[in-house]
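Colleague: One structure follows; several queries about it will come next.
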Amino acid sequence: MDESLRSFYDLYERRKSIRDFAERPVEPEKLERLIISLGRAQSAANRQPWHFVVLSDEEGRGRINDLFTKDGFMRAPVLIVACADPAQAWVRKTDNINYSWVDVTIAVTEMIGAATAEGLGTCWVAAIDAEAVKKRLGIPEKIEVVAVIAIGYPKDELKREAKTRKPVSEIIHHGKW
Ligand SMILES: Cc1cc2nc3c(=O)[nH]c(=O)nc-3n(C[C@H](O)[C@H](O)[C@H](O)COP(=O)(O)O)c2cc1C
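All residue numbers for the sequence shown refer to the working numbering, where the first residue is 22 and numbers rise by one.
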């Protein structure tokens with residue numbers, strides 16, 4: 022673990038989307054820790070309505086690599102396909118909102134934090150043909166593909182950069198909207 026990234030705030034300050042990867046494999050023990058972080062996340066009513074397909078060898082990655090629109094993602098040594106199972110999720114009674122995608126997103130966010138702590142770069146890839154991913158990986162019909170997460174060592178050194186974000190004053194409403 023990179024000691025300089027131990028601080029939670031520093032970790033999320035440093036995290037940024039990585040869209041190209043070095044030719045360096047992810048150590049199996051690191052991948053194992055990322056997998057553990059996925060299963061450890063909180064979820065509504067602890068339903069854990071998630072599944073994750075881990076593609077960490079050439080054969081696995083090759084099943085979906087041609088679906089990426091950016092070449093850099095094809096060089097990621099690990100891809101994790103994050104899936105939601107709405108049938109397993111908690112549903113809010115007052116408006117019937119199904120929480121499966123929220124729960125999957127929480128798990129993935131924790132995993133991305135863990136990957137950052139491990140010195141790895143990640144990118145959340147939503148822009149991919151989810152139906153094709155399902156077919157290629159044998160994902161059951163009732164399961165929804167939320168995202169593919171590309172993971173690996175960044176091709177370029179991570180620099181501390183200012184984030185392009187809305188000012189806090191624009192998004193926080195104290196007391197009332
Ligand atoms: C839900 C979600 C979907 C995203 N989908 C894509 C994507 O399909 N392709 C891509 O290159 N980046 C994607 N990203 C990365 C965002 O573009 C990125 O998080 C945003 O521009 C902020 O930059 P940062 O992550 O470097 O802080 C996605 C991020 C999120 C949270």
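Glycine included, C-beta positions come from ideal geometry on N, C-alpha and C.
By the three-class DSSP mapping on this structure, what secondary structure does residue 49 have?
Modeller: If DSSP states are grouped into helix, strand and coil, residue 49 belongs with the helices.
Colleague: For a quick check, are the C-beta atoms of residue 173 and residue 42 less than 8 Å apart?
Modeller: Yes, these two residues count as a Cβ contact at 8 Å.
Colleague: What are the start and end residues of each continuous beta strand (DSSP E) run of 3 or more residues lying completely inside the region 85 to 114, in chain order?
Modeller: Here the runs fully enclosed are 99 to 105.
Colleague: Does the beta-carbon of residue 121, which I'm using as the reference point, lie nearer than 7 Å to any heavy atom of ligand 1?
Modeller: No; taking the cut-off as 7 Å, the Cβ of residue 121 has no heavy atom of ligand 1 nearer than that.
Colleague: At a cut-off of 7 Å, is residue 71 close to ligand 1 when judged by its beta-carbon and the heavy atoms of the ligand?
Modeller: It does not: the Cβ of residue 71 is nowhere closer than 7 Å to a heavy atom of ligand 1.
Colleague: With a CB to CB cut of under 6 Å and the five nearest residues on each side skipped, what residues in its chain are close to residue 68?
Modeller: Answer for residue 68: 109, 110, 111, listed in chain order.
Colleague: On a CA-only basis, which of 48, 121, 144 is nearest residue 166? Give me that one, please.
Modeller: For residue 166, the nearest C-alpha among the options comes from 121.
Colleague: Rounded to the nearest angstrom, what separates residue 34 and residue 54 at their Cα positions?
Modeller: Going by the C-alpha atoms only, they are around 21 Å apart.
Colleague: Using a threshold of 7 Å, is the CB atom of residue 96 nearer than that to any non-hydrogen atom of ligand 1?
Modeller: Residue 96 Cβ: outside cutoff for every heavy atom of ligand 1.
Colleague: Within the present structure, is the beta-carbon of residue 62 separated from the nearest heavy atom of ligand 1 by less than 7 Å?
Modeller: Result no, Cβ not under 7 Å from ligand 1.
Colleague: In terms of residue numbering, what span does the beta strand (DSSP E) encompassing residue 165 cover?
Modeller: Looking at the DSSP string, the run of the beta strand (DSSP E) that includes residue 165 is 165 to 173.
Colleague: Can you give me the Cβ contacts of residue 46 inside the same chain, cut-off strictly under 7 Å, excluding the 5 residues immediately before and after it?
Modeller: Cβ neighbours of residue 46 beyond the five flanking positions: 98.
Colleague: Cβ atoms of residue 170 and residue 103: under 8 Å apart, would you say?
Modeller: Going by C-beta atoms, residue 103 is nearer than 8 Å to residue 170.
Colleague: Considering only the alpha carbon of each residue, which of 95, 124, 180 lies closest to residue 105?
Modeller: Comparing Cα-Cα distances from residue 105 to each of 95, 124, 180, the minimum goes to 124.
Colleague: Heavy atom of ligand 1 less than 7 Å from the Cβ of residue 144, yes or no?
Modeller: Yes, the Cβ of residue 144 comes within 7 Å of a heavy atom of ligand 1.
Colleague: Scan the region 115 to 140 and note each continuous alpha helix (DSSP H) run of 4 residues or more that stays entirely inside, going in chain order.
Modeller: List check, alpha helix (DSSP H) in window: 121 to 138.
Colleague: Where does residue 198 land, buried or exposed, given buried means 16+ other C-beta within 10 angstroms?
Modeller: So residue 198 ends up on the exposed side.
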